[in-house]
Structure formats: structure tokens, C-alpha cells
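Peer 1:
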Amino acid sequence: MDIIWLKEMSCPVCSGKFMSENIRQNKLAQIQVDEDFHTHFDPLSPLYYAVVVCPDCCYAERRQNFEEVKGKTLIAVKGGIGALKQLSAGFNFRLIRTFELALKSFELGALTVQFKGETSDVIGGMYLRAAWLCREAADDKLEQVYLRKALEFYEKAYMNEATEFGQLGTCGFQYMLGEIYRRLGNDEKAMELYMRAVANKEIRQKPQVERLAREQLSALKEKLKTP
Ligand SMILES: [Zn+2]
């Protein structure tokens, strides 16, 4: 059985029909989990297929949220089609996903969720996944570009929005921010956020976050001690 299978999709924005590549997750082997929770799989990366893009109007969403658009949100997305098409100029989403198409899918997704009025952590999540895609391709420079974009929205979410930050909780979000700062070379901010995560009482309910936060904090302390 092939890992990739095609599914006919109907765009909820323009009603266009197209074929979308899906992957059978159970055919993939987990090979590595990075400190920022990015999981690497073999032989294919699920990131390539995470965002569905309508090849006609360029509406782009996470697969599980693709059909969720109606009422005022639908009107807002329709108003954004011009901008989405402009962002995807020169890219053909009827073709097999390549690294370039996958990267563009996250950019289109980030713009779409802004039109949909999603919170900043959702927008940041699109850019973080774009950064992960670049990491898989060993393109450090491009990874930094998208990490910076992710950070911009995650910082906004952390400062202004009282969201629960999904499964990670506030302590997990503090840890993630620290991790992004470290990857961007800002050790002082990374240290500050790791410490905030570790001091957060909630962390006792998140053993995975606690272990990573303590490990990364002591590794960074060690690094900063060395002249
Ligand atoms: Zn469409």
C-alpha cells in the first residue's frame, strides 16, 4: 500500500474541485524528536502535506480545519483571495508537493488564518512548521527566517492573548519561546524563558516539558560558564 493516497477535495471558499495528497501516518517511522518537539519521520515528511491549498483560489488551511469556514469568516477569506493569489504567483498547487510548494503552503496558511481571525499562536504555528521544513532540508538560513516570523507571532500571543496554548500549557509555551530564542542565538532571552517555565507551578503536570526545560536550562548555564 502506498504511503501517499489522493483524495478529491471541494474548496469551501470557491467550490473548486481538486485532488489532494494525503499520507498514511501509520506507514511512517518516527526517527527523531527535536528539543522544540519537531518530530522527524522516515521515509516522508508529513509537513509536506499538512496544509491543503486550493489550486484555484489559494485558500490554504491545516487539513483538519480546511472545511471550517462559513459566515463572516468565509466573507473575510473571500476578501483575501486577491492577496492569497498574489502570494502564490508562479506556484502550481495541482502539482506533486515539492519542498518549495510545501514551504509556500505554510505561507499561504499563515495568511489564510489571519483572514480567518485566528489567534497569533495559530499564525506562529504555521511559520514554526515552515522553519521545521527548512531544518529537514538542512537550510539553516531559511530556518532562521521562519523562526523569526514564528517568534514574532508567538511573542504577541504570549503578551496579549489569554489562550491556553493548546496541549503545551503556559509553561510549555514559555519553554518553546525560550527554545526559539536559543535557536536564534539569543541566549539571555532563552535563559529567562527557560527559568520562567521551570518556575511555573503548572510544569509539574507536564513531565515532558519539565524534563526538556531543565535539560536545556542546565546546558545553557554550562555553555555560558565556559569562557
Ligand atoms: Zn478555492
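The sequence shown stops at residue 663 when you use the working numbering, and every number in between is there.
Using N, Cα and C, we set each Cβ at its ideal position, and we do this for glycine too.
#1: Could you have a look at Ser-431 and say whether DSSP puts it in helix, strand or coil?
#2: Indicate the three-state DSSP secondary structure (helix, strand or coil) for Val-488 in the structure shown.
#3: Taking 8 Å as the threshold (C-beta atoms), are Leu-587 and Leu-537 in contact?
#4: Is the number of C-beta pairs between the segment 529 to 548 and the segment 563 to 573 that are closer than 8 Å three or more?
#5: Short of 7 Å in beta carbon distance, which residues of its chain neighbour Glu-579, apart from the five on each side in sequence? Order them along the chain.
#6: Quick check: Leu-520 and Cys-494, are their CB atoms within less than 8 Å of each other?
#7: Excluding the 5 residues flanking Asn-596 on each side, which residues of the same chain have their C-beta closer than 8 Å to its C-beta?
#8: In this structure, does DSSP put Phe-529 in helix, strand or coil?
#9: Do you know offhand how far Gly-614's Cα is from Ile-517's?
#10: Less than 7 Å separating the Cβ of Gly-518 from some heavy atom of ligand 1?
#11: Can you name the start and end residues of the alpha helix (DSSP H) that Ser-446 belongs to?
#12: Measuring straight from C-alpha to C-alpha, what distance separates Met-612 and Gln-644?
#13: Quick check: does the Cβ of Tyr-617 come within less than 7 Å of any heavy atom belonging to ligand 1?
#14: Express the C-alpha separation of Thr-662 and Tyr-485 in angstroms, rounding to a whole number.
#15: To the nearest whole angstrom, what separates the beta carbons of Gln-610 and Asn-636, a pair I think is in contact under 8 Å?
#16: Below 8 Å on the Cβ atoms is my guess for Val-513 versus Lys-453; work out the distance and round it to an integer in Å.
Peer 2: Let me spell this out:
#1: In the structure displayed, the chain extends from 437 to 663; residue 431 sits before or after that span and is not available.
#2: Taking the first residue of the sequence shown as position 1, residue 488 is located at position 52. Of the three classes helix, strand and coil, the one that applies to Val-488 here is strand, per DSSP.
#3: Numbered from its first residue, the sequence shown carries residue 537 at position 101. Numbered from its first residue, the sequence shown carries residue 587 at position 151. In this structure, Leu-587 does not lie closer than 8 Å to Leu-537 by Cβ.
#4: Taking a cut-off of 8 Å on C-beta distances, the segment 529 to 548 touches the segment 563 to 573, as three or more cross pairs fall below it.
#5: By one-based count along the sequence shown, residue 579 stands at place 143. Within the same chain, Glu-579 has close Cβ partners Ala-567, Cys-570, Arg-571.
#6: Taking the first residue of the sequence shown as 1, we reach residue 520 at position 84. Taking the first residue of the sequence shown as 1, we reach residue 494 at position 58. Taking 8 Å as the Cβ cut-off, Leu-520 and Cys-494 qualify as a contacting pair.
#7: Here residue 596 refers to the residue found at position 160 of the sequence shown. Only Ser-556 meet the Cβ criterion.
#8: For the purposes of this step, residue 529 is identified with residue 93 of the sequence shown, where counting begins at 1. Of the three classes helix, strand and coil, the one that applies to Phe-529 here is coil, per DSSP.
#9: The residue labelled residue 614 in the question sits at position 178 within the sequence shown. The residue labelled residue 517 in the question sits at position 81 within the sequence shown. Each residue's Cα considered, the two are about 35 Å apart.
#10: Counting from 1 along the sequence shown, the entry for residue 518 is found at position 82. Incorrect: Gly-518 has no Cβ contact closer than 7 Å to ligand 1.
#11: Within the sequence shown, the letter at position 10 stands for residue 446. Bounds of any alpha helix (DSSP H) do not take in Ser-446; it lies within the beta strand (DSSP E) bounded by 440 to 446.
#12: In the sequence shown, residue 612 corresponds to position 176, counting from 1. In the sequence shown, residue 644 corresponds to position 208, counting from 1. Whole-angstrom Cα-Cα distance: 12 Å.
#13: Position 181 of the sequence shown holds residue 617. Exclusion of Tyr-617 from the 7 Å shell around ligand 1 follows from its C-beta lying no nearer than that to any non-hydrogen atom of the ligand.
#14: Sequence index remark: in the sequence shown, residue 485 carries index 49 (1-based). Sequence index remark: in the sequence shown, residue 662 carries index 226 (1-based). Cα-Cα distance, rounded: 42 Å.
#15: Locating residue 610 in the sequence shown gives position 174, counting from the first residue. Locating residue 636 in the sequence shown gives position 200, counting from the first residue. Indeed they touch by this definition, with Cβ atoms about 6 Å apart.
#16: Against the sequence shown, residue 513 aligns to sequence position 77. Against the sequence shown, residue 453 aligns to sequence position 17. That belief does not hold up - the Cβ atoms of Val-513 and Lys-453 are roughly 18 Å apart, past 8 Å.
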